[in-house]
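Residue numbers are given in the numbering used here: position 72 of the sequence shown equals residue 243, and the series is strictly consecutive. Just so you know, even glycine gets a beta-carbon here, dropped at the ideal spot from N, CA and C. These figures come from a predicted structure and were not determined experimentally. Inspection log for the structure reproduced underneath, given as C-alpha cells.
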Amino acid sequence: MILETVFVLGLLFALLLGGVWIGLALFALGWATLTVFTDTLPGPLMANTTWGAASAWSLTALPMFIWMGEILTRSRVSEDMFRGLVPWLNRLPGRLLHCNVVGCGIFAAICGSSAATAATIGRMTVPELTRRGYDERMVIGSLAGSGTLGLMIPPSIMMIVYGITAEVSIARLFIAGVLPGLLLILLFSGFIAIWALRNPERVPAAEARTSLKEKLWASRLLIPTIILIAAIIGSIYTGVATPTEAAALGVVGSLILSLVSGSMSWKVFWDSAMAATRISCMIGFIIASAGFLTTATAFIGLPAGIARGISDMGLTPGGLIIVLTIIFIILGCFLDGVSMIVLTSAVLLPTVTAAGIDLIWFGIFVILVVEMAQITPPVGFNLFVLQSLTGRDMFTIARATLPFFFLLLLAVAILWFAPWLAVWLPKAML
Numbered sequence: 172m173i174l175e176t177v178f179v180l181g182l183l184f185a186l187l188l189g190g191v192w193i194g195l196a197l198f199a200l201g202w203a204t205l206t207v208f209t210d211t212l213p214g215p216l217m218a219n220t221t222w223g224a225a226s227a228w229s230l231t232a233l234p235m236f237i238w239m240g241e242i243l244t245r246s247r248v249s250e251d252m253f254r255g256l257v258p259w260l261n262r263l264p265g266r267l268l269h270c271n272v273v274g275c276g277i278f279a280a281i282c283g284s285s286a287a288t289a290a291t292i293g294r295m296t297v298p299e300l301t302r303r304g305y306d307e308r309m310v311i312g313s314l315a316g317s318g319t320l321g322l323m324i325p326p327s328i329m330m331i332v333y334g335i336t337a338e339v340s341i342a343r344l345f346i347a348g349v350l351p352g353l354l355l356i357l358l359f360s361g362f363i364a365i366w367a368l369r370n371p372e373r374v375p376a377a378e379a380r381t382s383l384k385e386k387l388w389a390s391r392l393l394i395p396t397i398i399l400i401a402a403i404i405g406s407i408y409t410g411v412a413t414p415t416e417a418a419a420l421g422v423v424g425s426l427i428l429s430l431v432s433g434s435m436s437w438k439v440f441w442d443s444a445m446a447a448t449r450i451s452c453m454i455g456f457i458i459a460s461a462g463f464l465t466t467a468t469a470f471i472g473l474p475a476g477i478a479r480g481i482s483d484m485g486l487t488p489g490g491l492i493i494v495l496t497i498i499f500i501i502l503g504c505f506l507d508g509v510s511m512i513v514l515t516s517a518v519l520l521p522t523v524t525a526a527g528i529d530l531i532w533f534g535i536f537v538i539l540v541v542e543m544a545q546i547t548p549p550v551g552f553n554l555f556v557l558q559s560l561t562g563r564d565m566f567t568i569a570r571a572t573l574p575f576f577f578l579l580l581l582a583v584a585i586l587w588f589a590p591w592l593a594v595w596l597p598k599a600m601l
C-alpha cells in the first residue's frame, strides 16, 4: 500500500506542478493507476464512472446558481447595497469598513461564489473607502476575508460540490450554513470594531448623523436584493422548492432585477451565460475526473488503506479535526476549493464517519477550511481579486488578510465546541 500511495501522490503533484489542468491530471492519474496496478481496462470504467458523476441530478443546480451570480456581478446591486448600508453603518466603530462585511454577507446570499462576491463588492467599496481615507490594509483584509462568506452563506457552489461528492442533502447543507455564516459576520465585524476602538486615529471621522427617516429611505435600495434572497432561501427552507428549482427561480429573479435596474443588455446576458457555462464545465469536468480517480484508487484499495492508517493512529475526533485542518491548509496552498473537496472526499469520508462525526457538520468544517484556502497564497483566488482591484503586490495583500485567516481558524474552534451551530437548523427545519 505504501508503493501505491507514493505512486498516486507523486504522480499527482508532478502533473499539477507541471501545469496540467486539474481535470486532465485526475483522468491521467486514474488511467495510470489502473494500468500499473490492475488488469482492469481503463476505457470502459472511465466511460461509466464519468457519465455517472457528470449526470447526477443534484449537479443541475450548479450552472443556474453560477449564472445567477454572473448576472448580478454585472448589475448595479453592489452600488445600491453600498448606498443603502452607509446610513446604518456610519456610526459604528470602524464605520464604513463594515460595508465590506455586511455587503459581502448580503451578496453571498444571491451569488454562491467567494471570488465573485469579493470582486462585486470590492469594485464599489475599495475606491470609495480609499477616497474617504480608510486604512488600506484594513480595507483589503476585511474585503478578502468577507468575500469568503460567498462559500458559507447559501446558496454556496462549494456546498453543492460537497453534497454531490459526499452524497448528503444539499438543502440540509444550505440550511446548516446559515448560523456559521452569521458567526463569521459577527467575528469579522467584531474584529473591525475592536481594531477601530484601539486605533481611532486610523478611522475617518463620522459623517453627519442621519435621521431614521433618511435611513429608512436609503434602505429602499436593499429591498430588491432582500426579496430575491427571501425567494431563493425561503423556498428551500419551507420545502416549496428543491435547490435546483430555487436556482431556476434565482436566475429569473436576477434577470428581472437587472432589467429593472437598467443594467441588463444583450452583451451582459451573453457574457454572463458564457461565463457561467465555462465555470460550470470546469467544475463538472473536475467532478467527473475525480469520480474516475476515486473508482480507480478503490480498485487497489487505496482509500480504505489510508482510512485504516488514519484510524490506526488512534486519534480522538478532536485530534482528527486538528490534523485535517492542517492538511487542508497545506492543500490550500496548491489547489482550488473544488479540487480540494473532490480529491479528499473518497479518502476522508469513511474515516470521518467511523469517528462518529456528522457529515453535515463535516461539510461546514470543510467549507471553513476551503475559505481559508481562498486567502492563502500562492493560489488563493480572493488574493488575486484584491490584487486586480488595488494593484498591490501579493505579499502586501496576504499580510492584510492574515487577521481574518486566524478568525476563520477561531470559527473552526467555535464550531467544534458548539457543533449545534451547524446541525441544529437542519434538524429543526427538515
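Pairwise C-alpha distance: residue j and residue i
| i | j | result |
| --- | --- | --- |
| ARG373 | ALA364 | 12 Å |
| VAL272 | LEU495 | 28 Å |
| GLY190 | ILE292 | 31 Å |
| THR220 | LEU174 | 25 Å |
| VAL297 | LEU560 | 7 Å |
| ARG162 | LYS438 | Nothing can be reported for residue 162, as the shown portion of the chain is limited to 172 through 601. |
| MET239 | MET484 | 45 Å |
| ASP564 | GLN558 | 7 Å |
| VAL177 | ALA185 | 12 Å |
| ALA571 | MET329 | 25 Å |
| LEU200 | THR487 | 32 Å |
Residue of the options minimising C-alpha distance to residue i
| i | options | result |
| --- | --- | --- |
| GLY508 | PHE536, GLY527 and ILE493 | PHE536 |
| THR288 | MET309, ARG262 and GLY316 | GLY316 |
| LEU554 | SER285, ARG262 and ARG245 | SER285 |
| LEU399 | ARG369, PRO325, PRO351 and ARG343 | PRO325 |
| GLU416 | THR176, PRO298, THR466 and MET235 | MET235 |
| VAL518 | LEU186, GLY472 and MET217 | GLY472 |
| PRO375 | VAL339, SER382, ALA389 and ARG303 | ARG303 |
| GLY274 | ARG294, VAL513 and GLY410 | ARG294 |
| THR524 | ARG262, LEU357 and VAL339 | VAL339 |
Beta-carbon contacts of residue i that lie in its chain and below 8 Å, excluding the five residues immediately before and after
| i | result |
| --- | --- |
| LEU392 | ASP251, MET252, ARG254 and GLY255 |
| LEU350 | LEU592, ALA593, TRP595 and LEU596 |
| LEU243 | PHE278, ILE281, CYS282, THR291, SER425, LEU428 and SER429 |
| SER432 | SER246, ARG247, VAL248, ASP251 and PRO395 |
| THR301 | GLU307 and VAL310 |
Distance CB(residue i)-CB(residue j) smaller than 7 Å
| i | j | result |
| --- | --- | --- |
| ILE281 | ILE450 | no |
| GLY352 | MET323 | yes |
| GLY534 | LEU344 | yes |
| THR209 | PHE470 | yes |
| ALA342 | ILE404 | no |
| LEU464 | LEU188 | no |
| ALA232 | ALA459 | no |
| LEU355 | ALA582 | yes |
Residue i Cβ short of 6 Å to the ligand MN heavy atom set
| i | result |
| --- | --- |
| ASN370 | Although the ligand MN was asked about, the structure shown includes no ligands whatsoever. |
6 Å CB neighbourhood of residue i in its chain, flanking five on each side removed
| i | result |
| --- | --- |
| TRP202 | PRO213 |
| LEU491 | ALA526 |
| VAL257 | none |
| ALA478 | PRO521 and THR522 |
Cβ neighbours of residue i in the same chain (closer than 7 Å, five flanking residues each side left out)
| i | result |
| --- | --- |
| PHE456 | GLY194 |
| PHE359 | VAL272, SER313, GLY316, SER317, PHE575 and LEU578 |
| ALA227 | ILE335 |
| SER516 | THR336 and ALA337 |
Whole-number beta carbon distance between residue j and residue i, since they are thought to touch under 8 Å
| i | j | result |
| --- | --- | --- |
| VAL332 | ILE454 | 7 Å |
| THR466 | LEU216 | 6 Å |
| VAL540 | PHE499 | 4 Å |
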